[in-house]
Amino acid sequence: MTAITSLSFSAVNQSSSERNTFVSSLASRNLSFEGFRLRSVFSCHYGGVKASNSTSRTAIQCMSTSTDVPPTVSETKSNFLKAYKRPIPSIYNTVLQELIVQQHLMRYKKTYLYDPVFGLGLVTVYDQLMEGYPSDEDREAIFQAYIKALKEDPEQYRLVF
């Protein structure tokens with residue numbers, strides 16, 4: 033069995049006649065390999081080639097994916113804790129952590145788009161949940177840290193129609 037350790041992108045980007053020559057040369061050497069992985073700076077390309085002397089059919093399949101990866105939930109939580117360093121009473125902290133997870137999942141969904149009505153709903157729910165919090169200043173600081181951890185503008189959420 034032979035392994036390909038590297039393959040230039042010029043081989044993948046060749047014209048169809050050059051590609052046929054490349055694949056034919058693989059088939060004439062009786063090379064059989066399950067797949068190979070090509071990496072570039074911005075995307076990852078996967079491909080597979082199967083060649084043998086007994087068949088003339090050769091298939092090359094390529095797929096690419098974007099590396100624009102959103103932050104993880106733990107990174108968002110960490111950003112919140114870095115932005116607001118004071119201790120939060122456990123009854124409020126538990127609810128806030130759950131809200132951060134839910135908002136993170138919605139925020140980094142591919143189809144997410146800020147909606148003022150949704151923003152009003154989020155602010156209303158937050159204000160109701162934090163109604164009994166001991167300090168109004170801390171309540172607002174927590175809100176600022178919460179929205180900034182999600183990489184959004186807190187002022188956008190506080191806009192009144």
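Residue numbers (the numbering used here): 33 to 193. Note that beta-carbon positions come from the ideal geometry of N, C-alpha and C, so glycine has one too. None of these values were measured; they are calculated from a predicted model.
Where does M162 fall in DSSP's three states?
The residue given as residue 162 occupies position 130 in the sequence shown. Coil at M162, not helix or strand.
Determine the direct distance from the alpha carbon of Y146 to that of E169, and round the result to whole angstroms.
Numbered from its first residue, the sequence shown carries residue 169 at position 137. Numbered from its first residue, the sequence shown carries residue 146 at position 114. Taking the straight line joining both Cα atoms gives about 26 Å.
For D185, which residues in the same chain have their Cβ closer than 8 Å to its Cβ, ignoring the five residues on either side in sequence?
Taking the first residue of the sequence shown as 1, we reach residue 185 at position 153. Excluding residues within five positions, the ones whose Cβ falls inside 8 Å are I179.
Helix, strand or coil for S122 per DSSP?
As a first step, residue 122 must be located in the sequence shown, where it is residue number 90. Helix, per DSSP.
Would you report the Cα separation of K142 and D100, rounded to the nearest angstrom?
Here residue 142 refers to the residue found at position 110 when the sequence shown is read from its first residue. Here residue 100 refers to the residue found at position 68 when the sequence shown is read from its first residue. The straight-line gap from Cα to Cα measures roughly 11 Å.
Could you tell me the boundaries of the alpha helix (DSSP H) in which E187 lies?
Mapped onto the sequence shown, residue 187 falls at position 155. 186-190 is the span of the alpha helix (DSSP H), which, as asked, contains E187.
Can you tell me which of S110, R118, V127 puts its alpha carbon nearest to the alpha carbon of D159?
For the purposes of this step, residue 159 is identified with residue 127 of the sequence shown, where counting begins at 1. D159 has its Cα closest to that of V127, out of S110, R118, V127.
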